[in-house]
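Student: Protein chains in written order, with our numbering: chain P, 13 to 142; chain H, 13 to 142; chain B, 13 to 142. A virtual CB, placed ideally from N, CA and C, is assigned to each residue, including glycine. Handing you this structure, nothing more for now.
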Amino acid sequence: MIEIRSRKREEIIDITDRVKELVKGKNGLVVVYSPHTTTAVIINEAESGLLQDIISKINELVPKGAGYLHDRIDDNADSHIKASLFGNSVVIPVEDGRLMLGTWQRILFLEFDGPRTRRVFVKIYETKKD
Amino acid sequence: MIEIRSRKREEIIDITDRVKELVKGKNGLVVVYSPHTTTAVIINEAESGLLQDIISKINELVPKGAGYLHDRIDDNADSHIKASLFGNSVVIPVEDGRLMLGTWQRILFLEFDGPRTRRVFVKIYETKKD
Amino acid sequence: MIEIRSRKREEIIDITDRVKELVKGKNGLVVVYSPHTTTAVIINEAESGLLQDIISKINELVPKGAGYLHDRIDDNADSHIKASLFGNSVVIPVEDGRLMLGTWQRILFLEFDGPRTRRVFVKIYETKKD
């Protein structure tokens, strides 16, 4: 389990190194799973301009406060819709204790309703080596 | 396997309780997989206003009948595109017979070309307890 | 591992038959995982008009060169955002050596920054038969 403290309403946080620590010595499949409904987990490049581009684009496609029904209850319908489009988990093969990420791939936690303290489950399903 | 009967063209159906039944006594990873190409499976909150907001937003982003090539064959190109954006499966850790869902998380089946009878596969990959 | 040669900037390539070959004789779960950050893997129908519709729609939602910060470094911010929305992997149950795909489901590789030579990992996590 990883604990994350976000500092903004929308923020992308690179959690790759923390997942790497947890798969050391393992072999199989890792699931990185967010138990929240206004966050997502994706795999992409962590270049700072790109992270801002991702947030700008999804804010444009799903703007905050655009007359959503759920906003009568809680002011974050957009956060839920954004999270749904990106998905709340990723799976990554693990071999000889290493994540099989490509050269530019990083594991990114997407906060859409921060700032908050969040948790992410990192579950490893071990298999014997091929 | 779960059977679902949708009643509208676009509809979101909460299937959490049915998946819960199937993982009782198990430990590992569950895959909830839709074998259809005009439906999706996501994890999010099941508040009724939010479910309408999700449908309204995706209908706005990918409107029906907007001159799609596939509509010459079958009148549901938008349904396929919507399904592709949300994804056709989710994975959820299972521990001691319980889905490791967060407080507000529910497993949601998204119908984009109903009403129809649909199937969802629920496959459990068991591991020994940690 | 599958090698793919894309011929256009945006292109969808059906890799179902190549994944089928790799799961023969296996039982369990297959993960089809792209290690790239400007490609995606989805499951949907491979009708040629629909494949063009998917590309047209995502190009409309996330147009190339729309003032992205990442474009100062590399001219492909849109490719990364597109890849993030669709996701870089899929999971599919495998039983008795067969992918449990629905009638119309195909495994589709989405190129968003081609033409290039790409790789896709096909990892099988075997379980005993139910």
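Return the first residue and the last residue of the alpha helix (DSSP H) that residue 72/H is part of.
Tutor: 60-73
Student: Quick check on residue 15/H: buried or exposed, where buried means 16 or more other Cβ atoms within 10 Å of its Cβ?
Tutor: exposed
Student: Within 7 Å (strictly less), CB to CB, does residue 52/B reach chain P?
Tutor: no
Student: Count the other CB atoms within 10 Å of the CB of residue 29/P; is the residue buried (16 or more) or exposed (fewer)?
Tutor: exposed
Student: Could you tell me whether the Cβ atoms of residue 93/H and residue 66/B are closer together than 7 Å?
Tutor: yes
Student: If residue 119/H sits next to residue 55/H, beta carbons under 8 Å apart, how far is it from one beta carbon to the other, in whole angstroms?
Tutor: Correct: roughly 6 Å between the Cβ atoms.
Student: Nearest to residue 51/H by CA position, among 25/H, 112/H, 81/H, is which residue?
Tutor: The shortest Cα separation from residue 51/H among 25/H, 112/H, 81/H belongs to 25/H.
Student: Under 8 Å by Cβ, that's how I've got residue 123/H and residue 23/H pegged, so tell me the actual separation to the nearest angstrom.
Tutor: 4 Å
Student: With a cut-off of 8 Å on the beta carbons, I'd call residue 134/B and residue 44/B a contact; round off their distance for me.
Tutor: Their Cβ separation, rounded to whole angstroms, is 6 Å, which keeps residue 134/B and residue 44/B in contact under 8 Å.
Student: Taking the alpha-carbon positions, what's the residue 68/B to residue 97/B distance?
Tutor: 15 Å
Student: Do residue 18/B and residue 128/B have their C-beta atoms within less than 7 Å of each other?
Tutor: yes
Student: Counting only C-beta atoms, is residue 43/P closer than 7 Å to chain H at any point?
Tutor: For residue 43/P, the answer is yes, since a Cβ of chain H falls inside 7 Å of its Cβ.
Student: Checking the sheet assignment: what are the DSSP bridge partners for residue 40/H?
Tutor: 106/H, 138/H
Student: Starting from residue 84/B, find everything on chain P with Cβ-Cβ shorter than 7 Å and list it in chain order.
Tutor: Going along chain P in sequence order, the residues near residue 84/B (Cβ under 7 Å) are 61.
Student: Tell me, please, which residues DSSP counts as bridged to residue 56/P.
Tutor: 118/P
Student: Take the Cβ of residue 108/B as the centre, count every other Cβ of all protein chains shown within 10 Å, and call the residue buried at 16 or more, exposed below.
Tutor: exposed
Student: Distance, Cα to Cα, residue 53/B vs residue 89/H?
Tutor: Taking the straight line from one Cα to the other gives about 19 Å.
Student: For residue 93/H, does the three-state DSSP call read helix, strand or coil?
Tutor: helix
Student: Pull up the distance between the alpha-carbon of residue 3/H and that of residue 37/H, whole angstroms please.
Tutor: This structure leaves residue 3/H out entirely; chain H is present only between 13 and 142.
Student: Which residue marks the beginning of the beta strand (DSSP E) containing residue 7/P, and which one marks its end?
Tutor: In the structure as shown, chain P starts at 13 and stops at 142, and residue 7/P therefore has no counterpart that could be examined.
Student: So, with DSSP's three-state summary, where would you put residue 111/B?
Tutor: strand
Student: Please state if the CB of residue 40/P and the CB of residue 138/P are separated by a distance shorter than 7 Å.
Tutor: yes
Student: Per DSSP, which residues does residue 27/B bridge with? Please list them.
Tutor: Answer is none; residue 27/B lacks a bridge partner.
Student: Pick helix, strand or coil for residue 98/P, following the three-state DSSP scheme.
Tutor: helix
Student: If contact means a Cβ-Cβ distance below 8 Å, which residues of the stretch 109-123 of chain P contact chain B?
Tutor: 112, 113, 114, 115, 116, 117
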